[in-house]
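Residue numbers (my numbering), protein chains in the order written: chain A, 1 to 79; chain B, 80 to 158; chain C, 159 to 237; chain D, 238 to 316; chain E, 317 to 395; chain F, 396 to 474.
Just so you know, even glycine gets a beta-carbon here, dropped at the ideal spot from N, CA and C.
What follows is a set of notes on a single structure, which appears directly below.
Protein chains: 6
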Amino acid sequence: MTASWLPSLITATPEEGFDLAIKLSRMAVKKTQPDDEVRARLRPVYAEDPTALVAISHVVAANFQTVAAANGYWRPATA
Amino acid sequence: MTASWLPSLITATPEEGFDLAIKLSRMAVKKTQPDDEVRARLRPVYAEDPTALVAISHVVAANFQTVAAANGYWRPATA
Amino acid sequence: MTASWLPSLITATPEEGFDLAIKLSRMAVKKTQPDDEVRARLRPVYAEDPTALVAISHVVAANFQTVAAANGYWRPATA
Amino acid sequence: MTASWLPSLITATPEEGFDLAIKLSRMAVKKTQPDDEVRARLRPVYAEDPTALVAISHVVAANFQTVAAANGYWRPATA
Amino acid sequence: MTASWLPSLITATPEEGFDLAIKLSRMAVKKTQPDDEVRARLRPVYAEDPTALVAISHVVAANFQTVAAANGYWRPATA
Amino acid sequence: MTASWLPSLITATPEEGFDLAIKLSRMAVKKTQPDDEVRARLRPVYAEDPTALVAISHVVAANFQTVAAANGYWRPATA
Numbered sequence: 001m002t003a004s005w006l007p008s009l010i011t012a013t014p015e016e017g018f019d020l021a022i023k024l025s026r027m028a029v030k031k032t033q034p035d036d037e038v039r040a041r042l043r044p045v046y047a048e049d050p051t052a053l054v055a056i057s058h059v060v061a062a063n064f065q066t067v068a069a070a071n072g073y074w075r076p077a078t079a
Numbered sequence: 080m081t082a083s084w085l086p087s088l089i090t091a092t093p094e095e096g097f098d099l100a101i102k103l104s105r106m107a108v109k110k111t112q113p114d115d116e117v118r119a120r121l122r123p124v125y126a127e128d129p130t131a132l133v134a135i136s137h138v139v140a141a142n143f144q145t146v147a148a149a150n151g152y153w154r155p156a157t158a
Numbered sequence: 159m160t161a162s163w164l165p166s167l168i169t170a171t172p173e174e175g176f177d178l179a180i181k182l183s184r185m186a187v188k189k190t191q192p193d194d195e196v197r198a199r200l201r202p203v204y205a206e207d208p209t210a211l212v213a214i215s216h217v218v219a220a221n222f223q224t225v226a227a228a229n230g231y232w233r234p235a236t237a
Numbered sequence: 238m239t240a241s242w243l244p245s246l247i248t249a250t251p252e253e254g255f256d257l258a259i260k261l262s263r264m265a266v267k268k269t270q271p272d273d274e275v276r277a278r279l280r281p282v283y284a285e286d287p288t289a290l291v292a293i294s295h296v297v298a299a300n301f302q303t304v305a306a307a308n309g310y311w312r313p314a315t316a
Numbered sequence: 317m318t319a320s321w322l323p324s325l326i327t328a329t330p331e332e333g334f335d336l337a338i339k340l341s342r343m344a345v346k347k348t349q350p351d352d353e354v355r356a357r358l359r360p361v362y363a364e365d366p367t368a369l370v371a372i373s374h375v376v377a378a379n380f381q382t383v384a385a386a387n388g389y390w391r392p393a394t395a
Numbered sequence: 396m397t398a399s400w401l402p403s404l405i406t407a408t409p410e411e412g413f414d415l416a417i418k419l420s421r422m423a424v425k426k427t428q429p430d431d432e433v434r435a436r437l438r439p440v441y442a443e444d445p446t447a448l449v450a451i452s453h454v455v456a457a458n459f460q461t462v463a464a465a466n467g468y469w470r471p472a473t474a
């Protein structure tokens with residue numbers, strides 16, 4: 001039994017939550033294109049294309065909405 | 080009577096929820112283009128096109144928002 | 159008095175909710191382009207264009223968010 | 238004092254809510270391009286372009302999320 | 317001390333809320349391209365491009381979701 | 396131990412929240428393309444491209460949804 005790549009949406013901090021949003025965004029790409037070599041070949045295309053970078057940022061924003069909601073927005077506990 | 084392809088939005092784990100989000104994303108394509116052969120022909124186009132891969136990841140993110148909300152974000156029960 | 163094409167957002171099952179999301183997505187197109195012949199002419203363009211198919215799946219995802227929320231995510235009643 | 242074009246987000250039925258979502262989508266275009274003649278010239282471009290029609294449907298879906306939430310999803314009153 | 321351009325998300329009416337959503341959409345552009353002359357030069361490009369007009373309407377829809385939620389959808393007070 | 400770039404989603408004002416939404420949008424780009432020089436080279440491309448500016452505004456809108464929700468929309472406290 002292998003460990004899950006997504007055991008939980010809960011993170012200790014907003015920054016870790018943002019990193020999880022990036023991971024979710026990449027995992028959807030990986031599940032569509034599982035070939036590591038192909039993804040490695042495509043990566044520089046994304047990374048130098050302004051349109052692609054903005055599109056990626058949009059996907060991360062959508063996933064961060066989910067992760068942030070899951071974590072109650074990491075709001076400090078109040079009395 | 081055939082079984083539903085979508086009996087429930089509830090999943091045991093976040094990872095299964097993510098897989099369901101991918102299934103929802105693909106099913107919308109299938110309902111628009113029901114011809115298996117055409118979809119099989121188009122699949123390599125998606126899988127090698129950086130723009131398409133990011134767009135697919137965005138659709139999965141939108142569906143994962145729904146599935147995650149349905150599952151109360153798989154938050155551990157608290158006292 | 160004709161029957162409404164959208165009498166309710168409530169559906170018996172998630173699968174019917176997904177079909178309603180597809181109907182909402184198509185109806186917005188129909189309201190913008192009411193000419194049945196033009197839409198019939200455009201349909202094969204969508205159905206063979208990977209980019210369009212992903213874009214359609216995104217619209218369905220957005221509408222499914224609405225329908226799923228309306229239905230309380232079809233969560234089983236709990237004690 | 239002229240009447241507001243948007244006095245309320247509340248509608249009697251889901252179908253009227255969908256029409257309001259379409260109105261919101263068009264009004265944002267009108268506020269960006271207030272010239273009626275220019276919009277009239279652009280309209281056939283949208284209406285025959287599959288990509289534009291899907292994009293319009295996406296905007297309507299986003300606005301319908303808002304209108305549907307405002308109306309409590311037109312859920313029937315329950316005991 | 318200059319006044320904030322965004323002192324509050326609360327507006328008296330839905331129509332004012334929609335105008336605020338447009339303002340938010342434009343302000344994000346202004347913060348990315350602060351040069352007034354450049355934006356003035358680009359404005360006619362947006363305003364005559366059907367694709368850009370639909371894209372702008374989508375951004376307004378996203379911001380209107382936020383403003384409408386902030387205002388409790390301007391629902392009339394109920395007993 | 397370095398300070399987090401995202402210690403919290405809570406801001407004192409809506410305007411600061413909007414700035415945080417812009418920061419989140421840029422940080423996702425930076426995490427995909429960490430090379431400062433490449434990003435500096437791409438920046439003028441975004442800043443003069445109407446389509447890119449609208450796309451960026453859309454990402455900011457998505458992140459502002461998250462930040463605004465985290466802050467309870469900065470609603471004034473009511474009795």
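Taking CB distances under 9 Å as the criterion, tell me whether P86 (chain B) reaches chain C.
yes
If I'm right that P93 (chain B) touches S8 (chain A) with Cβ under 8 Å, what's the distance once you round it to whole angstroms?
6 Å
So L211 (chain C) contacts chain B; which residues on that side make the cut at Cβ distance below 9 Å?
A107, V108, T111, Q112, R118, L121 and Y125
Beta-carbon neighbours of I358 (chain F), restricted to chain E and to distances below 9 Å:
As shown, chain F starts at 396 and ends at 474. That puts residue 358 (chain F) outside it, with no answer to give.
Can you pull the chain D neighbours of T329 (chain E), defined as C-beta to C-beta under 7 Å?
S241
Close-in-space but distant-in-sequence residues of the same chain around R434 (chain F) (CB under 6 Å, 5 per side omitted):
Q428
Does any residue of chain D bring its CB to less than 9 Å from the CB of A377 (chain E)?
yes
Does any C-beta atom of chain E lie closer than 9 Å to the C-beta of F459 (chain F)?
yes
For E274 (chain D), does the three-state DSSP call read helix, strand or coil?
helix
Report the three-state DSSP secondary structure of N300 (chain D) (helix, strand or coil).
helix
Go ahead and pull the three-state DSSP assignment for T81 (chain B).
coil
is_contact[D273 (chain D), chain E] using C-beta, thresh 9 Å:
no
Locate the alpha helix (DSSP H) running through P172 (chain C), then write down its first and last residues.
P172 to T190
Give the single residue among C:M185, C:Y231 and C:A219 whose Cα lies nearest to the Cα of V108 (chain B).
C:A219
On the three-state DSSP scale, how would you describe A395 (chain E)?
Here the model assigns A395 (chain E) a pLDDT of 49, short of 50, so the residue's position is not dependable, and the following value carries that caveat. Coil, per DSSP.
Measure the alpha-carbon distance for E48 (chain A) versus L437 (chain F) and round it to whole angstroms.
8 Å
Is there a C-beta anywhere in chain C that falls below 9 Å from the one on I247 (chain D)?
no
Between which residues of its own chain and P44 (chain A) is the CB-CB distance below 7 Å, once the five residues before and five after are set aside?
none
Let's test the definition: count the other Cβ atoms within 10 Å of the Cβ of W84 (chain B) and tell me whether it reaches 16, buried, or not, exposed.
exposed
Within the same chain, show all residues whose beta-carbon is closer than 7 Å to that of A465 (chain F), passing over the 5 residues directly before and after it, in chain order.
L404 and I405
So, under 8 Å CB-CB, L336 (chain E) and V383 (chain E) are touching, yes? Tell me the CB distance rounded to an integer number of Å.
5 Å
Chain F contact for A77 (chain A) (CB, 9 Å cutoff)
no
Using the C-alpha atoms, what's the distance from S373 (chain E) back to T239 (chain D)?
24 Å
Taking all protein chains shown into account, do 16 or more other C-beta atoms lie within 10 angstroms of the C-beta of A314 (chain D), making it buried, or fewer, making it exposed?
exposed
How would you call A210 (chain C), buried or exposed, if buried means at least 16 neighbouring beta carbons within 10 angstroms?
buried
Exposure of G230 (chain C), with buried meaning 16 or more beta-carbon neighbours within 10 Å:
exposed
Measuring straight from C-alpha to C-alpha, what distance separates W232 (chain C) and Q65 (chain A)?
22 Å
Give a yes or no on whether 9 Å exceeds the smallest Cβ distance from A463 (chain F) to chain E.
yes
Alpha carbon to alpha carbon, what distance is there between L419 (chain F) and G412 (chain F)?
10 Å
Name, please, each residue of chain D whose Cβ falls closer than 9 Å to the Cβ of S183 (chain C).
V291, S294, H295, V297 and A298
Can you tell me whether DSSP reads I372 (chain E) as helix, strand or coil?
helix
Is T248 (chain D) helix, strand or coil when you go by DSSP?
coil
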